[in-house]
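Participant: Encoded as structure tokens, here's the structure I'll be asking about.
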Amino acid sequence: MSMSTVMNSLLDRLGDFSDRQWQMFSKGVEVSWFYSNGKNGPASALLRYEPGASVPLHWHRGYEHIFVLEGSQSDDNGLYQAGSLLISPPGSSHAITSLEGCIVLAVWQVPVSFSPLKK
């Protein structure tokens, strides 16, 4: 039987995620995984953007939930500040930029694709 992952007082920890293991996700963006189940399974992680960092255009093969914990990020549809929840449905796409930097909690039903979705 596996243990549940618990992060108590997540909002109280803002600015201090030094106990997390971080690795490069894309230029200027680091990831700290909670879980990842390969190319076709669900995943969840914290993403930490440096000021000015971005994630290139990508397509959602399943639902993606992004909760902005601190800072802000934006796409062609708007600016999402701390406290915002963005839910992207399957088949949608966007590129993300964070001018001031941010930390988000991301939950993917299926990992995103950086190649266009086949219809």
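The letter at position 70 of the sequence shown is residue 69 when you use numbering that gives the first Met the number 0, and the numbering goes up by one with no holes.
For every residue, glycine included, the Cβ atom is placed at its ideal position computed from N, Cα and C.
What you are looking at is a predicted structure, and each value in this text was computed from that prediction instead of being measured.
Mapping DSSP to helix, strand and coil, what is A119?
Facilitator: Only positions 0 to 118 of the chain appear in this structure, which leaves residue 119 out of reach.
Participant: Helix, strand or coil for P88 per DSSP?
Facilitator: coil
Participant: I need the DSSP call for F113, collapsed to helix, strand or coil.
Facilitator: Note: F113 maps to coil in three-state DSSP.
Participant: In terms of alpha-carbon separation, which member of P55, Q20, L68 lies closest to K26?
Facilitator: P55
Participant: Assess contact between the region 48-63 and the region 91-98, defined as three or more Cβ pairs (one per stretch) separated by less than 8 Å. Is contact present?
Facilitator: yes
Participant: Could you spell out where the beta strand (DSSP E) holding R63 opens and where it closes?
Facilitator: Contrary to the premise, residue 63 reads as Glu rather than Arg in this sequence. E63 -> beta strand (DSSP E) spans 63-74.
Participant: Among T96, I102, H64, A81, whose alpha-carbon lies nearest the alpha-carbon of D75?
Facilitator: T96
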